[in-house]
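Novice:
There are 2 protein chains.
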Amino acid sequence: MEIDYTNIKVIGFDADDTLWVNETYFRDAELEFAKLLAPYETANKIDQELFKKEIENLPLYGYGIKGFVLSMVEMALELSNGNISNATIGKILEIGKDMLNKPVELLEGVEEVLLTLSKDFRLIVVTKGDLLDQERKLEKSGLLDYFHHIEILSDKQEANYSKLLNHLDIKPSEFLMIGNSLKSDILPLVNIKAQAIHVPFHTTWMHEQVSDNETQDKSYKTVGNLLEIIPLLSRKKRNAMVKND
Amino acid sequence: MEIDYTNIKVIGFDADDTLWVNETYFRDAELEFAKLLAPYETANKIDQELFKKEIENLPLYGYGIKGFVLSMVEMALELSNGNISNATIGKILEIGKDMLNKPVELLEGVEEVLLTLSKDFRLIVVTKGDLLDQERKLEKSGLLDYFHHIEILSDKQEANYSKLLNHLDIKPSEFLMIGNSLKSDILPLVNIKAQAIHVPFHTTWMHEQVSDNETQDKSYKTVGNLLEIIPLLSRKKRNAMVKND
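Protein chains in written order, with numbering that gives the first Met the number 0: chain A, 0 to 244; chain B, 0 to 244.
1) So Val125 of chain A packs on Met71 of chain A, CB below 8 angstroms; how close in whole Å?
2) Could you tell me which residues DSSP puts in a beta bridge with Leu175 of chain A?
3) Please confirm if Val9 of chain A has its CB atom under 7 angstroms from at least one CB of chain B.
4) Where Leu232 of chain B and Tyr219 of chain A are concerned, what is the direct C-alpha to C-alpha distance, given to the nearest angstrom?
5) Which class does Leu18 of chain A belong to by DSSP, given the choice of helix, strand or coil?
6) Using the C-alpha atoms, what's the distance from Asn85 of chain A back to Ser269 of chain A?
7) Report all residues from its chain with a CB closer than 6 angstroms to the CB of Gly178 of chain B; omit the five preceding and five following residues, and keep chain order.
8) How about Ile83 of chain A: is its C-beta nearer than 7 angstroms to some C-beta of chain B?
9) Rounded to whole angstroms, what is the Cα-Cα separation between His147 of chain A and Met205 of chain A?
10) Less than 7 angstroms between the C-beta atoms of Trp19 of chain A and Leu116 of chain A, yes or no?
11) Using a cut-off of 8 angstroms between C-beta atoms, extract the partners of Ser153 of chain B located in chain A.
12) May I have the straight-line CA-CA distance separating Leu5 of chain A from Asp168 of chain B, to the nearest angstrom?
13) Can you check whether the C-beta of Lys65 of chain A is within less than 7 angstroms of a C-beta belonging to chain B?
14) Could you check the C-alpha separation between Leu76 of chain B and Glu93 of chain B for me, to the nearest Å?
15) Would you call Gln47 of chain A buried or exposed, if buried means 16 or more other Cβ atoms sit within 10 Å of its Cβ?
16) Determine the closest residue to Glu207 of chain B out of B:Asp154, B:Lys192, B:Ala195, B:Pro230, with distance taken between C-alpha atoms.
17) Using the Cα positions of Met74 of chain A and Lys52 of chain A, report the straight-line distance between them to the nearest angstrom.
18) Could you confirm whether any beta carbon from chain A is found closer than 7 angstroms to the beta carbon of Gly178 of chain B?
19) Going by CA-CA distance only, name the one from B:Leu99, B:Phe25, B:Val9, B:Glu29 that's closest to Lys139 of chain B.
20) So which residues on chain E does Ala28 of chain A lean against when the C-beta distance must stay under 9 angstroms?
21) Could you work out which residues of chain A lie near Ile123 of chain B, taking near to mean beta carbons separated by less than 7 angstroms?
22) State yes or no: is the beta carbon of Glu48 of chain B nearer than 7 angstroms to at least one beta carbon in chain A?
23) Looking at the unbroken beta strand (DSSP E) that takes in His148 of chain B, where does it start and where does it end?
24) To the nearest angstrom, how far is it from the Cα of Glu245 of chain B to the Cα of Asp119 of chain B?
25) CA-CA distance, Asp244 of chain B and Lys8 of chain B?
26) I'd like the list of long-range same chain contacts for Thr87 of chain B, defined as Cβ closer than 6 angstroms, with 5 residues on each side in sequence excluded.
27) With H, G and I counted as helix, E and B as strand and the rest as coil, what does DSSP make of Lys51 of chain A?
28) Using DSSP with H/G/I as helix, E/B as strand and the rest coil, what is Val68 of chain A?
29) Using CA atoms only, rank isn't needed, just tell me which of A:Glu55, A:Val198, A:Leu225 is closest to Lys96 of chain B.
30) With Thr5 of chain A as the anchor, note down where its alpha helix (DSSP H) starts and where it stops.
31) Below 7 angstroms between beta carbons: does that hold for Leu130 of chain A and Ile149 of chain A?
32) Starting from the C-beta of Phe32 of chain B, find all residues in its chain whose C-beta is less than 6 angstroms away, skip the five residues before and the five after it, and write them out in chain order.
33) Would you call Gln215 of chain A buried or exposed, if buried means 16 or more other Cβ atoms sit within 10 Å of its Cβ?
34) Helix, strand or coil, according to DSSP, for Thr115 of chain A in the structure here?
35) With a threshold of 16 other CB atoms inside 10 Å of the CB of Ser210 of chain B, please say whether the residue is buried or exposed.
36) Taking 7 angstroms as the CB-CB cut-off, is Gly61 of chain A touching chain B?
Structure (structure tokens):
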């Protein structure tokens, strides 16, 4: 299906796993956590229980590393039946601090894509999670100058995006979102009649996964790599030039 | 000293301990924490060490309840020399969850002040801390309709405020900030030549305290109660009317 991007004025980029590596660090942390809890349960069970605990705590803690660490501590108390050592609790806190201190590792093509698209579009970042942590990553990324606006949301549902477009004073049809999560970056946009391009990352948090029938008949494009977006959107320019002739 | 508020267009309200009770809950949590750690140290020492730990972790965790809880867990491991019980760790996590679940308790006069001032000024909330927690409190407060804009900052320093005024497209002289913290709500504003009114709360976190010589020769007003702001600012209206005659 050919999608027409001629009306697009503003492009929103998701940050975690779209501009830079993130989910990989959570996967690594989960593996470390499973090792620490290995005396009490199988890795598989630990993984499942931690996920359940994160989802249970999500309404209270929200997204981000601090809530994840608090859930790990709580899970360690439970899975060990109250027998977890102080040393292990200390190691869980360290996992969290290491995650917060991680350098920002840009994904392939990010700078080229931002440099190219910033010539024709207003670019913004639309990310969710912990305010300080996301600001710090943006700062470390060296990408701040490409963006007109940074929006850090507590969640990425349709209402959050509608509010954002209102604030940006643009119509849904003038907004294109680019991100790795079907649930957070693509479907809510398609549902409010904005555009979206899906750039999958090799790892997706279970909470962000959607079933096939949720994506059926939804109009969005999937590309294998951020760089594939450039020709899609430069077509916009060509179309506009033809129209203006 | 008479301060002239005739140019003010936008009024920013701090939230915690200006619109609603907050610090009191932290004080209560610290008391509970000191009780839990009583087998290991004096209440005074526990208090001092917890404060040090919070400040040490502030650059990494930022403001808010989740970072506070992580600091309490870390402190419990340290103060007990690795002998803290799993039950106590569990209770520390519960302190945090209780704090996040607290109802919002509006301070005296808040609704009257917002109702009155919203007729003549654009009101915004300028708060720092955890994004989800602050959004939740605003939602629970029932005050959202009074505000044109909600700004949740990771910190409240001069640069954060300058960026905000830029974003609001107003001059510093057109902005008045109202809040309980000299360090976060008053001095940075005075330093960038905006206006500020200090409404002290009965409890101030040690980190927010400033020395007398920091406030010397600074031009801001202190009132004993939010309601005292109304007559100060209705003078603005009268002045404007005289000018227009």
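Using N, Cα and C, we set each Cβ at its ideal position, and we do this for glycine too.
As the structure is a prediction and not an experimental result, all values here were calculated from the model.
Specialist: To lay it out plainly:
1) Not quite, the Cβ-Cβ distance comes to about 28 angstroms (not below 8 angstroms), so this is no contact.
2) A:Ile10, A:Gln194
3) no
4) 52 angstroms
5) In the structure shown, Leu18 of chain A sits in coil (DSSP, three-state: anything other than H, G, I, E or B).
6) Outside the displayed range of chain A (0 to 244) lies residue 269 of chain A, so it cannot be described from this structure.
7) Asp13, Thr17, Asp184
8) yes
9) 32 angstroms
10) No, they are not a contact pair.
11) Leu130, Leu131, Glu134
12) A small correction: the amino acid at residue 5 of chain A is Thr; Leu does not occupy that position in the sequence shown. Cα to Cα, the separation comes out at about 30 angstroms.
13) It does: the Cβ of Lys65 of chain A has a partner Cβ on chain B nearer than 7 angstroms.
14) Within the model, the alpha-carbon separation for Leu76 of chain B versus Glu93 of chain B is close to 17 angstroms.
15) exposed
16) When each option's Cα is compared against that of Glu207 of chain B, the closest is B:Asp154.
17) 7 angstroms
18) no
19) B:Leu99
20) Among the protein chains of the structure shown, namely A and B, there is no chain E.
21) Residues of chain A passing the Cβ test: none, with the nearest at roughly 13 angstroms.
22) With 7 angstroms as the cut-off, Glu48 of chain B does not count as an interface residue toward chain A.
23) 148-152 is the extent of the beta strand (DSSP E) around His148 of chain B.
24) With chain B covering only 0 through 244, there is no way to say anything about residue 245 of chain B.
25) Low local confidence applies: a pLDDT of 43 at Asp244 of chain B is under 50, so the model's placement there is unreliable, with the coordinate-based value given in what follows. Cα-Cα distance, rounded: 20 angstroms.
26) The residues are Leu35.
27) DSSP, read as helix, strand or coil, puts Lys51 of chain A in helix.
28) Three-state result, Val68 of chain A: helix.
29) A:Glu55
30) DSSP places Thr5 of chain A in no alpha helix (DSSP H); its state is neither H nor E.
31) Judged by their CB atoms, Leu130 of chain A and Ile149 of chain A are not nearer to each other than the 7 angstroms cut-off.
32) Hits under 6 angstroms: Met71.
33) exposed
34) Taken through DSSP and simplified to helix, strand or coil, Thr115 of chain A comes out as helix.
35) exposed
36) yes
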